[in-house]
Amino acid sequence: GAVVSQHPSRVICKSGTSVKIECRSLDFQATTMFWYRQFPKQSLMLMATSNEGSKATYEQGVEKDKFLINHASLTLSTLTVTSAHPEDSSFYICSAERTGTDTQYFGPGTRLTVL
Amino acid sequence: ELKVEQNPLFLSMQEGKNYTIYCNYSTTSDRLYWYRQDPGKSLESLFVLLSNGAVKQEGRLMASLDTKARLSTLHITAAVHDLSATYFCAVDSYSGNTPLVFGKGTRLSVIA
C-alpha cells in the first residue's frame with residue numbers, strides 16, 4: 313500500500329505555455345501533500361505545502377502566482393507551472409502524507425523541460 | 368530554522384570496503400529519514416529512525432540515530448556496485464504537517 317503516482321512522468325513544452333502536473337495517492341487519503349523541486353545534482357527543495365480544501369503554503373522565494381497548487385480532494389493535488397520558462401526546467405516530486413500519520417510517501421517525479 | 372548537513376557529499380569507494388555517511392541537524396527532532404535516489408528516479412525510503420539510540424539494518428546498510436548529538440549515521444558494509452546512488456537524510460522538526468528538511472545528499476560511487 314501507500315502508492316503515490318504522478319502524471320505526466322515527463323513533459324516538454326514551449327516557453328510561455330502552462331503545464332499541469334498531477335499527484336495522486338492511489339490507496340490512501342492524504343490531507344496534506346508536498347511539492348518539491350530538484351535541480352540536477354542538487355537536493356530536494358520544498359516549494360509548497362498543499363492542504364486539502366485550503367490554500368497552499370508556499371516557501372520563501374516561490375512565486376505563488378507562477379506555481380498554482382490545487383488540492384481539491386483527499387487523493388489529488390495539482391501543480392500548474394504557468395508561463396513556463398527554461399529556468400523552470402527541473403524534476404518535480406510530490407509527496408503525500410497519509411491522513412492521521414506523519415509519514416510521507418513520494419511520487420515517482422515529473423521531469424519538466426521547457427524549450 | 369532547521370538545517371541538515373551531510374558529509375561527505377561525494378564518496379568513491381572500492382567494492383568490499385566499509386564507510387559511513389554522516390547527517391547532522393541543528394535543532395531538536397523526533398524523526399529522521401534516509402532515502403536512496405538513483406539517477407532520474409524519485410526517492411526510495413530506506414530507514415525511518417524515531418528515537419534516540421535507534422538502529423536499523425537492511426542488507427549492507429545500517430542507520431543509527433543519536434538525538435542528543437543530533438547525528439545520524441548510515442554505515443555501508445562491504446560495499447557492492449549496486450549501492451551506487453545518492454543518499455539523502457531528511458529531518459522532521461516535530462510531529463504534524465511538517466515538511467521534511469533534506470540534506471544535500473551524498474553521491475556514492477562504488478568501484479571495482
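Protein sequence lines, in the order shown, are assigned to chains Z and C.
FYI, the numbering for the first sequence is 313 to 427, going by my numbering.
FYI, the numbering for the second sequence is 368 to 479, going by my numbering.
Where a beta carbon is used, it is the ideal one built from N, C-alpha and C, also for glycine.
C/L475 and C/S451 - do their beta-carbons sit closer together than 7 Å? Walking along the second sequence from the start, residue 451 of chain C turns up at place 84. Walking along the second sequence from the start, residue 475 of chain C turns up at place 108. In terms of Cβ geometry, C/S451 and C/L475 form a close pair [threshold 7 Å].
Verify the CB distance criterion: does Z/T413 have a CB-CB separation below 7 Å to chain C? The residue given as residue 413 of chain Z occupies position 101 in the first sequence. So no, Z/T413 is outside the interface.
By the DSSP assignment, the beta strand (DSSP E) with Z/Q416 in it spans what residues? Residue 416 of chain Z sits at position 104 when you count from the first residue of the first sequence. Boundaries of the beta strand (DSSP E) harbouring Z/Q416: Q416 to F418, taken from the DSSP string.
With 7 Å set as the bound, which would you pick, yes or no: does the beta-carbon of C/L410 sit closer than that to a beta-carbon of chain Z? By 1-based counting over the second sequence, the position of residue 410 of chain C is 43. Yes, C/L410 lies at the interface with chain Z (some Cβ there is under 7 Å from its Cβ).
Check the Cβ of C/D459 against every Cβ in chain Z and list those closer than 8 Å, keeping chain order. Position 92 of the second sequence, counting from 1, holds the residue named residue 459 of chain C. Here the neighbours are D414.
Taking only the alpha-carbon atoms, compute the straight-line gap between C/C456 and C/N385 and give it to the nearest angstrom. The residue you call residue 456 of chain C lines up with position 89 of the second sequence. The residue you call residue 385 of chain C lines up with position 18 of the second sequence. C-alpha separation (whole angstroms): 19 Å.
If you draw a straight line from the C-alpha of Z/T425 to the C-alpha of Z/F340, how long is it? As a first step, residue 425 of chain Z must be located in the first sequence, where it is residue number 113. As a first step, residue 340 of chain Z must be located in the first sequence, where it is residue number 28. C-alpha separation (whole angstroms): 30 Å.
Taking DSSP as the reference, what is the three-state secondary structure of Z/E364? Locating residue 364 of chain Z in the first sequence gives position 52, counting from the first residue. For Z/E364, the three-state secondary structure derived from DSSP is coil.
Count the other C-beta atoms from every protein chain shown that fall within 10 angstroms of the C-beta of Z/S355, then say buried if there are 16 or more, exposed otherwise. As a position in the first sequence, residue 355 of chain Z is number 43, starting the count at 1. With 16 or more other Cβ atoms within 10 Å, it is buried.
Taking contact to mean at least 3 C-beta pairs separated by less than 8 Å, is the region 408-419 of chain Z in contact with the region 335-350 of chain Z? With the cut-off at 8 Å, the region 408-419 of chain Z and the region 335-350 of chain Z touch.
Below 6 Å CB to CB, which residues in the same chain sit around C/F469 once its five sequence neighbours on both sides are set aside? Against the second sequence, residue 469 of chain C aligns to sequence position 102. F455 and A457, listed in sequence order.
Cβ-Cβ distance between Z/C406 and Z/C325 below 7 Å: Taking the first sequence and counting its residues from 1, one reaches residue 406 of chain Z at position 94. Taking the first sequence and counting its residues from 1, one reaches residue 325 of chain Z at position 13. No, the pair does not count as a contact, with Cβ atoms beyond the cut-off.
Is there a Cβ of chain Z sitting closer than 7 Å to that of C/K384, yes or no? Residue 384 of chain C sits at position 17 when you count from the first residue of the second sequence. The beta-carbon of C/K384 is placed no less than 7 Å from the nearest beta-carbon of chain Z.
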